[in-house]
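Heads up: the structure comes next, in structure tokens.
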Amino acid sequence: MHTLLSKTIRHITSRYLQSVKSILTEDNHLLSPVFAFSAPFAVAQQPILGIINPGRTATLVLLLIIFILGYVFINQAQKGKKFPIRKIAGFEAIKEAVGRAVETGRPILYTFAYGNLYGGYAPQFMAALGILSYVSKLAGQYDARVITTFGVPEAIPMVEEIMREGYRIGGRPDAYTQNDVRYQTTEQFAYAAATQATIIREKVATNIMIGPFAAEALIFAETGAAAGAIQIAGTARETQIPFFVLVCDYVLIAEEMFAAAALATGDESTAAVLGAEDVGKFISIALIILGIGLLTLLKVNLGALLSI
Amino acid sequence: MSSTIRRHGPYLTITLLILFFFVTYLFTTPQPVQLFGTQLVQWASIVGYFAILVGTIDIVIFHIKPLRSKESGQWQYSAVLLLITAIGLVTGVTGVLSGAGINYQPFAWLYNAIYVPSNATIYAILVFYIASASYRAFRIKNAQAAFLVLVGFIIMFADIGLGYVIWPGFVPLGNWINTYPVAAAFRPIIIGSGLGVIITGLRALLGRDVYGR
Amino acid sequence: MTAAVPIWDMFGLWIGAALTVWLFSFAFKDNALYKLAEHLFVGIAAAYSFTIAIDGILRTGIAPVQQGNILRIFALILGCFFFAKYFGKYSWIARFGPAFVIGVGLGISVTTAPEGFVLAQVKSSMLPLWTGDLLQSLTNILMTFIVLGGLTYFMFTFVPGIRGVTKVTKKTPASHLYAVLVKIGIYGMMIGFGALFASTIVSRVAYLIGRLTDLIASPEASIVATILVIAAIAYAYQHEKKTAVGKIEQKESKKNP
Amino acid sequence: MNSIEKINKILSNRQILYLLLIAVVLGIMLHPLGIPIGIAGQTRDVYNYVDKLPQNPKILMDVHYDPAGATELQPMAGAFLRQVITKSPKIVFFTTHNVGPIMFERLKGYFPDVFSQLKYGDDYVNLGFLPLAEATFASIAKGAQEFVAKDVYGASTADMPIFKVADKAADFNVVVLITTSTDPVEYAIRQWYTAYKMPLLFMVVAVIGPSVQPFVASAQAVGMLSGQNAAAQYELLLKKPGSAVAAVDAQSGAHVLIMIYIVLGNLIYWPMRRMSKKAGGKTK
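Protein chains in written order, with the working numbering: chain L, 10 to 317; chain D, 147 to 359; chain X, 12 to 268; chain E, 22 to 305.
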């Protein structure tokens, strides 16, 4: 192996090095890599007001704004205030997708990745479970079969509960079978292979994939497309979104899945929390516009203020 | 009393820990408090090993079931899996206890012969999926897709040597796209995920579902 | 011992090559050898993870206690809570282990995310729209619009026109601006996704190159393994025809030619 | 069935495409073409940054990759070590990927020229596998030696000279994160850059490159190498071509095959869409 590799390297090197010489002297930046704020900001050395750690005032202010607003919004929501959520195409498509399964008489596959509930992906799993409750209710109403595959051991009892409840609300409590709740280990590719086999063997009509998928995203999406299933996908792992965008019929891009979960569960406090998050984005937009304005017109640096 | 601890204990633990780090990170605190914070993060990190142990045990339990019920077409594989796990555990734990660690020769042979090539191959399968997905999905169905395909092609040409031969400008153009528009495109997602973390923290502070119920 | 090593090394190479070919065969058709290879992989992975975790606990948990860092014993106790889930009566204890991990994890991420993920990104989005250099200025303007558009796209509740869902919505300047920004946001993201897709191809091809490099190293083993896997795939096709699923498939394909 | 449908059937036959792909990559690997490589600005930035590091730089390195990612990342790690070795560095290695310890041994075996110049315990140390958690990153920053009592070989870290100069966040001149996943990138941004302003240098697989770009653009990281092509460019800048340079020709071949398939797919897509519209069918 080493001889082959070194032979290859020697073969190419001789040709490369000729071109390298010229390349080395060129600058291949289209632009110089200098940003307005590429240099680290000067950080204050003394505690602010005597108690706040230097450089962390802006963090404190932002955290307090969102915490307080979030708390107020949740309280308002519990008192009956509505926080309407904008239309989300991927969410609305779920009805159509369930309908497709009913028409063809073939099952719906709902899968939500693998992992555990105490890592950073817990919110995505919880969103996936929220949307599952909606799907299982629809399936109960319209007489469709849902197969759930996943690799989250702690979620097994929750999924069973959600499915049973969904069929019960839909009026067909007897439609629930334990066999349709399939936990397939936390090992990435064991889970991937098992879910892929499920897509093929059960000839699913609808393939709903919502969760923090990693490399297996493409495997499921491709297999589902080959099986001719209508596909809805959602993930907040940005590295997998392109495949879903290209291969699937509807995609919940990043945070859309949390909004869809709020719509699916109808839980007003979840919607209220989304409202608080929107305030955060609104603050970001306002700061950016203000910062640009000050910088372009007055050459004043707002970024420095945020670094206190 | 004990039922109160059972139900509210975990949530209270989470709330108290978040408050502790909120205070110690943002405000000046005495040295002993800081040192206690260091202890806490060290413990939380080490506990991660135990989570791995539990995950392994779960996999073994998962494969004992088909072996017991002689599930057709599966139990033989489960048997193979349990056998290789047992061999691996015996050699591995022997190595660790003898002080040689994971470089204990029989264990090293096992992972070099089985684990390393399998791990690399199972990801390499994806090249086939991305190739067929490219043919079927990389289609200019509308303006958005056209945009995606165009950028994809420029980056592809910038990534490979052939692009440089066709037009040397592909390299700086690709570099420009990567450093400026692509950075801008993912920025809202990052800001969103940062806000998401804050919101999760708020929900946890209020004792709402972070995990389980 | 010295004589035994090359034999074992050879054996290891053969197994490695066989597993590589068998796992690759999955892309062509699910077959018995793939399943065998997959279960071997998962089995050894489980054993490996277990071993390395035990090793880690010894190095970072038990060794410090022996060296006098008594407080570290709390880490071990918290870790042992995880096992409570296998003992029905005490399974409630098992929730304290994850609770501690979640608490610390959120505690340190909630405090650092505002600056690291929000404010830093906001700060570097404050670009001067005119720098004196045309290309740089246009780049800054482009970036600004993409960022603002993306942020607008990810707003869900405070959106112009949303409260008039039931009524006929009137086009206001705000809703026009919103629509334009959302459109820019979508196109901006398409740039990102296009780049991501192209980059992914680089990675996946690199994996293939890595595997083929190893296969070339042991050509005999690769060829034998390939012949075996072709046989296994052929068997899988034959077997499928005999089974019920295969028969149904054949019937359906006759029905709908 | 008309001719277009026939062509589509052949092109969408996965098995044929897969075999073609293997044939192209294998063929070019056995008979390299020697296509020149252009060097991207981002790679040169990294090279220049490392070049400007002071003498005796203290370096923290997270070897977070598995055998699959090694094809892309091992050449980068090796090239970085080769560039920095002239400054007689002090390097603390650890890994948050469970296969990391194996990959470190392979890295060591693959670049003996580097490691023969370093003395274990004085110039470098390997802390072994630590769980992938945000707390791990925070713990390392607060003091690596106190956190890990014994190194990967079971030796006590307490009396290793390297930890006298490279232990806490403030000691390190640069942190190199070699990773296949975005998780450690996020943890590093939060626990290392935000909390301690440690200079981060990312070496990532191409898959996650673009999604890490905003951190580089906002100067939260000093630079990034993304993918096998960047590894090859880095090797060329060092004038020490290695396995990444050897692989770029096969990359070109595979890319061209995939691009041809994409173009053909689009050429076929439009007539087929027209046909199915005429037939009154729904397109998908």
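We treat Cβ as the ideally placed atom computed from N, Cα and C, and that holds for glycine.
Which class does residue i belong to by DSSP, given the choice of helix, strand or coil?
i        : result
E/Lys111 : strand
E/Met245 : strand
X/Val53  : helix
X/Ser135 : helix
D/Thr175 : coil
E/Asn34  : coil
D/Val343 : helix
L/Leu58  : coil
E/Ile28  : helix
L/Tyr259 : strand
D/Ser148 : helix
E/Ser177 : strand
E/Asn147 : strand
L/Phe82  : helix
L/Ala242 : strand
If you drop the 5 nearest sequence neighbours on each side, which residues of the same chain put their C-beta closer than 8 angstroms to that of residue i?
i        : result
E/Val206 : Leu198, Thr200, Phe223, Val225, Ile229, Val233, Phe236
X/Ile244 : Ser36, Phe39, Lys40, Asn42
Are the CB atoms of residue j and residue i within a distance shorter than 8 angstroms?
i        : j        : result
D/Leu341 : X/Gly118 : no
E/Phe132 : E/Leu94  : no
E/Val269 : E/Asn250 : yes
X/Leu226 : X/Ala28  : yes
D/Ile248 : X/Thr62  : yes
X/Phe169 : L/Asp287 : yes
L/Tyr80  : L/Ala273 : no
E/Leu40  : E/Val196 : no
X/Ala58  : D/Leu235 : yes
L/Met167 : L/Leu138 : yes
X/Gly67  : E/Phe150 : yes
X/Val216 : E/Gln272 : yes
Going by beta carbon distance, what residues of the same chain come within less than 6 angstroms of residue i, once the five residues before and after it are set aside?
i        : result
X/Leu30  : Ala48
E/Ala100 : Tyr255, Glu256, Leu259
L/Thr232 : Gln205, Ile208
L/Thr318 : Given a span of 10 to 317 for chain L in the structure shown, any question on residue 318 of chain L remains unanswerable.
L/Phe252 : Ala226, Leu227, Ala230
D/Gly131 : As displayed, chain D neither begins before 147 nor continues past 359, which places residue 131 of chain D out of reach and without an answer.
X/Val240 : Val32, Trp33, Ser36, Leu44
For residue i, count neighbouring Cβ atoms within 10 angstroms of its own Cβ and tell me buried if that reaches 16, exposed if not.
i        : result
E/Thr107 : exposed
L/Ala280 : buried
L/Cys257 : buried
E/Leu278 : buried
X/Leu44  : buried
L/Glu101 : exposed
E/Lys185 : exposed
E/Ala44  : exposed
X/Ala242 : exposed
L/Leu33  : The predicted model places L/Leu33 with a pLDDT of 44, which falls under 50 and marks its position as unreliable, so this point remains unresolved.
X/Tyr97  : exposed
E/Asp143 : exposed
D/Arg214 : exposed
E/Val146 : buried
D/Tyr157 : buried
So, for residue i: in the same chain, excluding its five sequence neighbours on each side, which residues have a beta-carbon less than 7 angstroms away from its beta-carbon?
i        : result
L/Asn310 : Leu304
Sorry if obvious, but does the Cβ on residue i come closer than 7 angstroms to a heavy atom of the ligand FAD?
i        : result
X/Phe165 : Questions concerning the ligand FAD fall outside what the structure shown contains, since it holds no ligand whatsoever.
Does the count of Cβ pairs from the region 52-72 of chain E and the region 318-331 of chain D closer than 8 angstroms reach three? yes
Assess contact between the region 132-140 of chain E and the region 268-284 of chain D, defined as three or more Cβ pairs (one per stretch) separated by less than 8 angstroms. Is contact present? no
Please determine if the region 274-293 of chain D and the region 254-265 of chain D are in contact, where contact requires at least 3 C-beta pairs separated by less than 8 angstroms. Segments in contact, no.
Touch check for the region 207-221 of chain L and the region 112-128 of chain L: three-plus C-beta pairs under 8 angstroms? yes
With three or more C-beta pairs closer than 8 angstroms as the rule, is the region 204-222 of chain D touching the region 145-162 of chain X? The region 145-162 of chain X vs the region 204-222 of chain D: no contact.
Examine the Cβ distances between the region 237-247 of chain L and the region 69-85 of chain L and report whether three or more of them are shorter than 8 angstroms. Below 8 angstroms, too few C-beta pairs join the region 237-247 of chain L and the region 69-85 of chain L to call them touching: fewer than three.
Using a Cβ distance threshold of 8 angstroms, determine whether the region 215-225 of chain L contacts the region 174-188 of chain L, with at least three qualifying pairs required. The region 215-225 of chain L is not in contact with the region 174-188 of chain L.
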